[in-house]
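One structure below.
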């Protein structure tokens with residue numbers, strides 16, 4: 006068994022059609038500030054990993070199992086930038102190489118005594134880990150846009166959602182359920198409009214543009230679009246696990262909510278949500294409005310979590326998913342197709358864009 | 006996969022010899038008064054079902070999984086006699102046909118968007134559901150006898166017993182354990198009599214008649230048989246899941262306890278017990294005696310539940326049942342044979358009755 | 006299925022390389038004083054057993070499942086030296102033969118109504134049970150040495166450790182982890198010495214002799230070796246499950262800690278620890294010192310339990326063990342080889358002793 010194989014937990018059972026395990030992909034495993042002097046244990050796609058910082062402060066990620074007696078390395082300590090197991094004191098460097106065996110008079114380094122190691126990046130305040138161990142990455146992690154742009158404000162939240170990566174991605178980018186599940190909160194069943202949706206699919210992403218969406222009314226409308234203006238709304242999925250919702254209203258408002266998802270296991274997804282926005286409000290007023298908006302967003306998220314949980318329970322009870330879609334399930338089926346290609350490492354040419362249109366009542 | 010197949014949870018593991026799943030059979034899923042304006046979730050033989058009332062108040066039963074995104078329909082609402090899913094608001098009628106998809110401009114009804122539906126009956130104060138979906142029943146539910154007879158009193162209780170349908174049925178109709186497990190309560194080990202048992206087996210039932218059973222003594226005897234008289238005692242099993250104990254003592258007393266069992270899952274059985282009786286007591290005295298008799302019956306039931314639980318744990322720990330029977334295990338083996346025929350949908354001619362005799366000490 | 010086969014729970018999953026099930030072996034199931042008038046339920050290698058005393062007070066062990074309806078016999082009562090099931094009152098003698106069936110007019114004894122029975126011994130204050138049912142033992146249980154020797158004191162403790170029999174045995178006899186996991190307690194990382202280890206392997210045991218180990222210093226040294234003297238240290242494993250640590254320091258101190266392990270299940274090991282020792286201390290002073298030493302020993306044991314628990318969790322999460330050993334893992338690999346031979350009932354000639362040497366820093 007080679008290092009790559011042994012690091013994988015047993016495959017998902019057949020019939021769970023939206024379970025994927027993505028190789029050669031970058032995922033956020035923790036925030037930069039969470040990784041200090043102590044090792045941090047995390048799970049990625051069912052595989053236990055341990056994160057620590059080497060002597061230069063650079064993050065390192067190893068399989069969280071001592072090659073000697075299979076105790077989690079995350080129970081140990083970081084000493085001089087190496088990770089020391091808590092059972093017999095074996096020490097490992099950032100490449101997973103064994104550097105010390107207390108009591109042993111021979112050479113500690115040996116192939117059988119290596120812990121599998123994963124490439125890491127520290128970027129945008131997050132620790133990213135590459136999902137295939139022992140290889141040089143062929144890509145770089147996603148960059149969150151506009152983090153440093155003038156006049157933009159950023160709010161970060163880490164959330165946890167039950168369900169496959171696909172189920173959580175689809176839910177995040179799904180429009181029709183908002184009128185029903187979150188009905189009354191930001192869309193209402195009563196006042197509905199027929200609008201056009203333009204869908205653009207390419208090798209590593211799929212995007213839906215909602216054309217002709219009405220401006221929000223009431224207080225929200227007055228805050229976001231005091232001077233009127235056209236509403237532009239995009240929902241995007243980018244491989245391997247980025248869900249992005251973008252709104253522009255007239256000249257003043259630009260809201261971008263990017264969720265980088267981490268599949269902790271087949272049915273447990275961590276969401277690193279980053280909201281970046283520019284609103285036509287004085288900064289002081291914005292500071293006053295924000296504490297009102299965050300609880301509303303979290304309330305919506307909790308409603309989604311409850312539904313995802315019930316969906317997951319039902320799928321596990323029946324042993325399989327059987328989804329019947331209509332064309333207004335705009336992105337879900339395309340996201341699954343992209344995830345499956347990424348799982349099989351088959352990707353289409355990057356430049357081709359396939360565009361389709363449909364109408365829905367929203 | 007067709008509607009019938011997909012509604013079944015995975016088959017029971019091999020070795021669990023008394024697990025059966027009965028097709029084309031009626032089971033009680035709830036009492037009439039439990040089904041009001043809200044949908045009710047129930048499980049039948051491992052399959053999650055949702056019950057609701059249509060516009061005419063008639064009960065309907067669907068598979069409890071929205072065909073769209075597999076959320077339980079029981080989390081939704083009943084609107085105008087249709088069941089609406091809580092996630093995207095899809096609506097289903099009593100046949101499981103999709104009648105509305107919010108936001109979708111096309112025709113909602115489509116074969117792939119149907120929820121499997123189950124025939125229902127409302128009878129004797131219970132909601133009965135047919136265990137095979139999408140078909141016209143070939144039989145009608147069991148009718149509880151004497152519910153409306155003059156001078157008869159009825160007491161109902163819903164109980165829950167761990168164990169396979171077979172294990173609970175056998176326990177309910179088993180005589181030998183009463184002298185031991187419930188010893189002192191209504192039979193005693195000391196005063197024992199040899200009696201004859203006549204066993205009659207036919208295509209859909211098996212009955213044991215106990216001949217020569219002595220009259221009860223003490224207070225119970227004075228209440229039930231103040232003028233003496235012959236004791237007649239029958240224990241009956243009727244397919245698919247009815248256990249019936251009948252006593253007649255002289256002219257005055259007639260007691261009939263009918264338990265309609267519902268296999269919620271392979272090892273979890275719901276018991277809808279209906280006791281109907283005529284006693285040689287003035288109605289007022291009967292009212293006074295009843296509150297004394299019910300706790301005794303529940304105490305006996307709890308002793309049985311404890312034993313059934315331990316039996317189940319042992320069977321699951323060993324991974325199989327290995328029962329060694331004697332002829333005084335009068336009904337258990339015949340019940341299992343009938344359940345298995347019903348599972349395979351093989352039944353003998355209805356009119357043949359096979360009669361045997363044995364002696365036991367009771 | 007014969008008696009031997011049916012008494013085994015399903016085999017351990019593949020990949021768990023150190024799981025063994027040992028036939029024809031003696032294990033302690035309880036202390037003598039734990040087995041009184043009531044039956045005692047115990048598990049041996051995953052098989053539920055019931056212990057009771059016959060009319061002569063001799064311990065008996067049966068499979069803990071009534072052959073009639075598979076209720077645990079341990080829920081019943083001992084009557085006149087026979088074990089009576091709590092459901093229908095069937096009675097079994099010490100051989101597992103059925104001796105009474107209340108209500109049944111025929112002969113109770115029959116092959117199909119036998120409970121599998123296991124040979125027992127009562128020795129050194131423990132009840133020992135032979136792991137293969139229905140056979141005459143070909144060996145006798147281990148005898149704890151020096152229990153009755155003059156000037157020796159004995160302390161007994163029953164402990165429980167998560168992990169396979171092999172993992173717990175290796176941990177008990179492993180020297181290198183003591184310097185690290187229990188560092189500061191009785192060895193320290195700073196003052197280290199290179200010493201010789203002589204390893205002797207034979208058909209039913211493996212022993213490591215540590216040559217040149219320094220005398221303990223500080224208070225412990227003054228208690229154990231007030232007059233100096235050579236340190237002799239042996240660690241031994243004896244089939245099927247005995248771990249023994251022996252220290253002699255000069256003429257005065259002799260400490261022998263014998264742990265008889267019982268594999269309750271594949272990953273749950275009971276430890277019957279017996280410490281027997283002679284120290285160069287007046288008896289009164291010894292009485293004063295002992296209450297200080299026991300908490301230290303239990304503290305060390307708890308540190309080991311925590312590590313064994315994490316090791317077990319990791320192995321179960323990954324679905325397999327992958328151990329990389331060095332030569333200072335002195336006994337572990339040999340113990341596993343002996344356990345596997347015992348599992349396959351293949352043993353080498355008893356008289357051959359294979360001796361090797363190595364050096365380690367301790």
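Chains as they are written, first to last, in the numbering used here: chain Y, 6 to 367; chain L, 6 to 367; chain Z, 6 to 367.
Just so you know, even glycine gets a beta-carbon here, dropped at the ideal spot from N, CA and C.
Alpha carbon to alpha carbon, how far is residue i from residue j?
{"i": "residue 136 (chain L)", "j": "residue 26 (chain L)", "result": "9 Å"}
{"i": "residue 109 (chain Y)", "j": "residue 44 (chain Y)", "result": "25 Å"}
{"i": "residue 208 (chain Z)", "j": "residue 238 (chain Z)", "result": "22 Å"}
{"i": "residue 249 (chain Z)", "j": "residue 177 (chain Z)", "result": "9 Å"}
{"i": "residue 365 (chain Z)", "j": "residue 271 (chain L)", "result": "58 Å"}
{"i": "residue 94 (chain Y)", "j": "residue 61 (chain Y)", "result": "22 Å"}
{"i": "residue 226 (chain Z)", "j": "residue 282 (chain Z)", "result": "16 Å"}
{"i": "residue 336 (chain L)", "j": "residue 338 (chain Z)", "result": "56 Å"}
{"i": "residue 49 (chain Y)", "j": "residue 347 (chain Z)", "result": "40 Å"}
{"i": "residue 30 (chain Z)", "j": "residue 75 (chain Z)", "result": "26 Å"}
Report buried or exposed for residue i, applying the criterion of at least 16 other Cβ atoms within 10 angstroms of its Cβ.
{"i": "residue 153 (chain L)", "result": "exposed"}
{"i": "residue 3 (chain Z)", "result": "One cannot answer for residue 3 (chain Z) here, as it falls past the ends of chain Z, which runs 6 to 367."}
{"i": "residue 206 (chain L)", "result": "buried"}
{"i": "residue 342 (chain Z)", "result": "exposed"}
{"i": "residue 258 (chain Y)", "result": "buried"}
{"i": "residue 184 (chain L)", "result": "buried"}
{"i": "residue 303 (chain Z)", "result": "exposed"}
{"i": "residue 182 (chain L)", "result": "buried"}
{"i": "residue 354 (chain Y)", "result": "exposed"}
{"i": "residue 37 (chain L)", "result": "exposed"}
{"i": "residue 96 (chain Y)", "result": "buried"}
{"i": "residue 361 (chain Y)", "result": "exposed"}
{"i": "residue 264 (chain L)", "result": "buried"}
Within 7 Å: the Cβ of residue i and any heavy atom of the ligand FAD?
{"i": "residue 127 (chain Y)", "result": "With respect to the ligand FAD, the structure shown offers nothing to examine, as it has no ligands at all."}
Looking at the secondary structure, which residues open and close the beta strand (DSSP E) in which residue i lies?
{"i": "residue 149 (chain Y)", "result": "No beta strand (DSSP E) holds residue 149 (chain Y); DSSP gives it neither H nor E."}
{"i": "residue 289 (chain Z)", "result": "Residue 289 (chain Z) -> not in any beta strand (DSSP E); alpha helix (DSSP H) instead, spanning 288-323."}
{"i": "residue 258 (chain Z)", "result": "258-270"}
{"i": "residue 220 (chain Z)", "result": "Note, residue 220 (chain Z): premise wrong, no beta strand (DSSP E); not H, not E."}
{"i": "residue 252 (chain Z)", "result": "247-254"}
{"i": "residue 2 (chain L)", "result": "This structure leaves residue 2 (chain L) out entirely; chain L is present only between 6 and 367."}
{"i": "residue 33 (chain L)", "result": "31-36"}
{"i": "residue 361 (chain Y)", "result": "359-366"}
{"i": "residue 237 (chain Z)", "result": "236-243"}
{"i": "residue 46 (chain Z)", "result": "45-49"}
My understanding is that residue i touches residue j, with C-beta atoms under 8 Å, so please give their C-beta distance in whole angstroms.
{"i": "residue 186 (chain L)", "j": "residue 312 (chain L)", "result": "6 Å"}
{"i": "residue 40 (chain L)", "j": "residue 54 (chain L)", "result": "12 Å between Cβ atoms; not a contact."}
{"i": "residue 410 (chain L)", "j": "residue 232 (chain L)", "result": "An answer regarding residue 410 (chain L) cannot be provided, because it is not within the stretch 6 to 367 covered by chain L."}
{"i": "residue 88 (chain L)", "j": "residue 315 (chain Y)", "result": "At roughly 15 Å, the Cβ-Cβ gap does not stay under 8 Å, so residue 88 (chain L) and residue 315 (chain Y) are not in contact."}
{"i": "residue 202 (chain Y)", "j": "residue 220 (chain Y)", "result": "That pair is no contact at about 18 Å."}
{"i": "residue 77 (chain L)", "j": "residue 119 (chain L)", "result": "In fact, because the Cβ distance is near 16 Å, the residues do not count as touching under 8 Å."}
{"i": "residue 151 (chain L)", "j": "residue 276 (chain L)", "result": "In fact, because the Cβ distance is near 19 Å, the residues do not count as touching under 8 Å."}
{"i": "residue 210 (chain Z)", "j": "residue 243 (chain Z)", "result": "5 Å"}
{"i": "residue 65 (chain Z)", "j": "residue 99 (chain Z)", "result": "4 Å"}
{"i": "residue 332 (chain Z)", "j": "residue 291 (chain Z)", "result": "Their Cβ separation, rounded to whole angstroms, is 38 Å, which puts residue 332 (chain Z) and residue 291 (chain Z) out of contact at 8 Å."}
{"i": "residue 22 (chain L)", "j": "residue 350 (chain L)", "result": "That belief does not hold up - the Cβ atoms of residue 22 (chain L) and residue 350 (chain L) are roughly 19 Å apart, past 8 Å."}
{"i": "residue 122 (chain Y)", "j": "residue 138 (chain Y)", "result": "6 Å"}
{"i": "residue 46 (chain Z)", "j": "residue 69 (chain Z)", "result": "6 Å"}
{"i": "residue 148 (chain Z)", "j": "residue 279 (chain Z)", "result": "With a Cβ gap of about 11 Å, residue 148 (chain Z) and residue 279 (chain Z) do not count as contacting."}
Alpha helix (DSSP H) containing residue i: first to last residue?
{"i": "residue 347 (chain Y)", "result": "337-348"}
{"i": "residue 229 (chain Z)", "result": "223-229"}
Let me know the beta strand (DSSP E) ranges lying completely inside the stretch 162-215 of chain Y, each 3 residues or longer, listed in chain order.
199-207
Contiguous beta strand (DSSP E) assignments of at least 3 residues, all confined to the stretch 59-131 of chain Z
64-68, 82-84, 87-89, 103-105, 125-128
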